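To convert a position in the sequence shown, counted from 1, into my numbering, add 56.
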Amino acid sequence: MPPFLAGFTLFDAVAFAVLIAGWQLIGWMIEHSSDKRPSTSRVMKQYRRDWLVQYVTRQPRIFDSSVLASLRQGTTFFASACMISIGGGLALLGNTDRLEGVATDLTAATAPEHVWEAKILVVILLVASGFLGFVWAHRLFGYCAVVMASVPNDPDDPAAYPRAAKAAEININAARSYNRGLRAIYFAMAALAWFLGPLALLISTVGTFVVLWRREFASKSRATLLTPDPE
């Protein structure tokens with residue numbers, strides 16, 4: 057067994073594999089949901105396209121700029137929070153004694169220092185993935201703002217609706233990156249349970265998976281979005 061794996065058990069490996077598999081699987085399920093049972097994220101794609109269609113004829117367009125600004129603010133907030141979390145995690149890598157003491161008190165188990173560092177690193181990497189998703193989403197929302205600004209004010213202009221459609225697709229791509237960042241943060245929080253042992257990690261991973269599945273496929277907000285509009 058390689059030295060860096062000393063202190064980890066087969067149960068640890070299984071729990072870690074479930075964490076990564078759950079993270080990737082729920083993302084695939086959300087982004088590739090079927091027409092018969094679309095995810096909330098997929099349903100929102102059409103609303104974003106409809107928004108940009110209405111945008112062409114809306115005067116003035118202050119409301120649309122406010123909506124886009126609020127979307128960019130959300131990505132900025134989470135990106136900043138991720139940077140702070142990454143900094144805290146890196147600082148903790150150099151001083152695991154306090155963390156080890158807390159975990160030992162809760163689980164009555166001890167482990168080599170590199171085991172605690174590896175668990176911290178997993179959390180940092182997940183948060184870093186979330187950070188990259190938020191940063192890219194922020195940039196795409198910026199692209200969307202520029203394309204929206206280029207949409208002609210005259211709805212009869214042949215470029216009006218095609219450019220609005222381009223803005224909608226960029227907005228959809230930005231939302232996809234934003235949602236990927238959120239999922240990475242969810243599973244980073246689930247990974248924190250690993251400090252209490254592999255069983256805790258397994259339980260928190262399953263719980264996170266169920267929460268995300270419910271919000272995307274069985275939530276009241278999804279049911280509201282799918283309610284047909286009156287004729």
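Using N, Cα and C, we set each Cβ at its ideal position, and we do this for glycine too.
Predicted model, so just to flag it, every value in this text is computed and none were measured.
**OP:** Using 10 angstroms around the beta-carbon of residue 164, count the other beta-carbons present and answer buried if the total reaches 16, otherwise exposed.
**Re:** With a pLDDT of 44 at residue 164, under the threshold of 50, the modelled position of this residue cannot be trusted; read the value that follows with caution. It is exposed - the Cβ of residue 164 has fewer than 16 other Cβ atoms within 10 Å.
Original post:
Which same chain residues, not among the five before or five after residue 289, have their C-beta less than 8 Å away from its C-beta?
Top reply: What is shown of the chain runs 57 to 287, which leaves residue 289 out entirely.
Original post:
In whole angstroms, what is the alpha-carbon distance linking residue 199 and residue 225?
Top reply: 11 Å
Original post:
Would you call the stretch 91-106 and the stretch 127-147 touching, i.e. three or more CB-CB distances under 8 Å?
Top reply: no
Subject >> Close-in-space but distant-in-sequence residues of the same chain around residue 254 (CB under 6 Å, 5 per side omitted) >> reply: 67, 68, 71
Original post:
Which stretch, first to last residue, makes up the alpha helix (DSSP H) that contains residue 170?
Top reply: Counted as a single uninterrupted DSSP element, the alpha helix (DSSP H) harbouring residue 170 occupies residues 169-205.
Original post:
By Cβ distance, which residues of its chain are closer than 7 Å to residue 216, with the 5 residues on each side in sequence left out?
Top reply: 112, 207, 208, 210
Original post:
How many angstroms separate the CA atom of residue 280 from the CA atom of residue 100?
Top reply: 12 Å
Original post:
Would you say residue 270 reaches chain C, if we count a Cβ-Cβ gap shorter than 8 Å as a contact?
Top reply: This model lacks chain C altogether, as it is built from one protein chain only.
Subject >> Local Cβ density within 10 Å of residue 233, reported as buried at 16 or more and exposed below that >> reply: buried
Original post:
Grouping DSSP H, G and I as helix and E and B as strand, with all else coil, what is residue 270?
Top reply: Here DSSP, grouped into helix, strand and coil, assigns residue 270 to helix.
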